[in-house]
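**Student:**
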Amino acid sequence: MADDRYFPNEMPDYIPETPHSQSPASDSLINLLHLPYKILTDRLNKAALSIKDTETWVAKGNRVGDFSLYTGALGTALLLLKAYQVNGDKNDLAICSDIIKACDYASRGSGRVTFICGQAGVCALGAVVANHSGDDQLCRQYLTRFGEIKLPKDLPDELLYGRAGFLWACSFLNNTIGKDTISSTRMRAVVDEIMKSGRHLAKGRRPLMFEWHGKKYWGAAHGLAGIMNVLMDMDLKPNEVEHVKGTLRYMIKNRFPSGNYPSSEGSETDRLVHWCHGAPGVALTLVKAAKVFGSEEFLQAAIDAGEVVWNRGLLKRVGICHGISGNAYVFLSLYQLTGKPEFLYRAKAFTCFLHDRAQTLISAGVMHGGDRPYSLFEGIGGMAYLFLDVTEPSNARFPAYEL
Ligand SMILES: [Zn+2]
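As structure tokens, then:
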């Protein structure tokens, strides 16, 4: 049963690719789904580049108000980096680098420390892009600035504003620039803080629990799924590994009968199927758990969560955080884990739905284009990022979540 949050998914369960323009259907979406993969992704690439060119800050007078990756200029920088990685246009990398410099300036004095909303995002992405450009000196400058970021004592633990969001930036640097770019000592101190507060709030009734603004969230943005996702990249002690596994098992055991996940502890409202709250974010975390722990239980739970996303994830919103673009990544992730073509088809189906209909639905007011319409996490910037990412589906990664 559909509600007003999502479109009923009426797309076929599977459509094989057929040679170009053979027996075209009357439905443009179905036609897209029939296209050979390369022809389809060429079209998506073109659409993405057109959004990127419209969005680029150069047209906005080079000023940065909101510097964050979530809704601001750093999100545009990440889109440009992706465009460069897919198409190799050095101009994109140069503009990306300029945007990051402006973000660096705008973020001075900000108390926010995470990758998605704070200074760690600016410094980490700055270092990575400088590294891509072969500018060692600039890379070192950003790394020095990264090293100066101080985490306040009362920082929450979640991903968007908290400790996990800082740690994700550390993993990103170590993964992209090289092992030990950020020392294990620095990361261990933050892991210790997270474990301490997680055990304290769990009160022995479950392995770990956290709070953000007084609520015990479960999702990727503010809760357990996001924190567990980051912890799995850390060098954990054996008992910490058991706590992470136990927390994921606790979530699976207490999910809704529908297979969806509550947005917070004890919530009985089975409504949100977003990356930020609900099955999609949890699914990505479970895919990771299946990879890290090699365990069938997490693989099955990830597939179950993916089923919820297929049925209820065609949201009336466009973005990465709580829209169709983000939900498409669940299928890309499941495809990478299992190699099964049906998951790639599902990712393609959500992507084609956006390509075929998003602009029209947004113009008609049926679909929400985001309060920041070009932003990476809420707007069509995220859609463009997805369009570029499906070019190489084995390398696609949910931005700022999957490494
Ligand atoms: Zn959201």
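Numbering (the UniProt record's numbering), first residue to last: 1 to 403. The beta-carbon is built from N, C-alpha and C at its ideal position, and this holds for glycine as well. This one's a predicted model, so the numbers in the text were calculated from it and none came from an experiment.
What does the Cβ neighbour count give for Asp157, buried or exposed, with the cut at 16 atoms within 10 Å?
**Tutor:** That one is buried.
**Student:** In angstroms with no decimal places, state the Cα-to-Cα distance between Phe172 and Asn395.
**Tutor:** When rounded, the distance between both Cα atoms is 15 Å.
**Student:** Helix, strand or coil for Trp212? Go by DSSP, reduced to three states.
**Tutor:** It is a strand residue.
**Student:** Among the candidates Leu299, Arg186 and Val122, whose CA atom is the shortest distance from the CA of Ala400?
**Tutor:** Among Leu299, Arg186 and Val122, the Cα nearest to that of Ala400 is on Val122.
**Student:** At the level of alpha carbons, what is the spacing between Cys96 and Leu81?
**Tutor:** Distance between the alpha carbons of Cys96 and Leu81: 6 Å.
**Student:** Taking just the CA atoms, how far does Leu224 sit from Ala364?
**Tutor:** Cα-Cα distance, rounded: 37 Å.
**Student:** Using 6 Å as the cut-off, classify the Cβ of Cys123 as near or not near the heavy atoms of ligand 1, replying yes or no.
**Tutor:** Checking every heavy atom of ligand 1 against the Cβ of Cys123, none is found closer than 6 Å.
**Student:** Just the Cα atoms here: how many angstroms apart are Leu151 and Glu378?
**Tutor:** Rounded to whole angstroms, Leu151 to Glu378 spans 27 Å at the Cα level.
**Student:** In its own chain, which residues sit with a C-beta less than 8 Å from the C-beta of Ala47, not counting the 5 before and 5 after it?
**Tutor:** Once the five neighbours on either side are set aside, the close Cβ partners of Ala47 are His355, Ala384 and Phe387.
**Student:** Give me, in chain order, the residues of the same chain whose beta-carbon lies closer than 7 Å to that of Ile252; leave out the 5 immediate sequence neighbours on both sides.
**Tutor:** Contacts found: Ala301.
**Student:** For Leu376, tell me which candidate among Ile30, Ala25, Ile51 and Asp27 has the shortest Cα-Cα distance.
**Tutor:** For Leu376, the nearest C-alpha among the options comes from Ile51.
**Student:** Note down the Cα distance separating Met1 from Val308, rounded to an integer number of angstroms.
**Tutor:** Note that Met1 has pLDDT 43, beneath the 50 cutoff, so the model's placement of it is unreliable and the number below is only indicative. Taking the straight line from one Cα to the other gives about 12 Å.
**Student:** Does DSSP put Ser183 in a helix, in a strand, or in coil?
**Tutor:** Three-state result, Ser183: coil.
**Student:** Work out the CA separation of Leu69 and Ala77 for me, nearest whole Å.
**Tutor:** So the alpha carbons of these two residues sit roughly 8 Å apart.
**Student:** Can you list, in chain order, the residues of its chain with a C-beta nearer than 7 Å to that of Phe115? Leave out the 5 residues immediately preceding and following it.
**Tutor:** These residues qualify, in order along the chain: Leu69, Gly121, Ala124, Gly165, Trp168, Ala169, Phe172 and Ala400.
**Student:** Taking 8 Å as the limit between beta carbons, can you name the residues of its chain near Gly72, skipping five residues before and five after?
**Tutor:** Excluding positions up to five away in sequence, the list reads Val64, Gly65, Asp66, Cys103, Arg372 and Ser375.
**Student:** Could you spell out the range, first to last residue, of the alpha helix (DSSP H) harbouring Tyr105?
**Tutor:** Counting along the chain, the alpha helix (DSSP H) containing Tyr105 begins and ends at Lys90 to Ser107.
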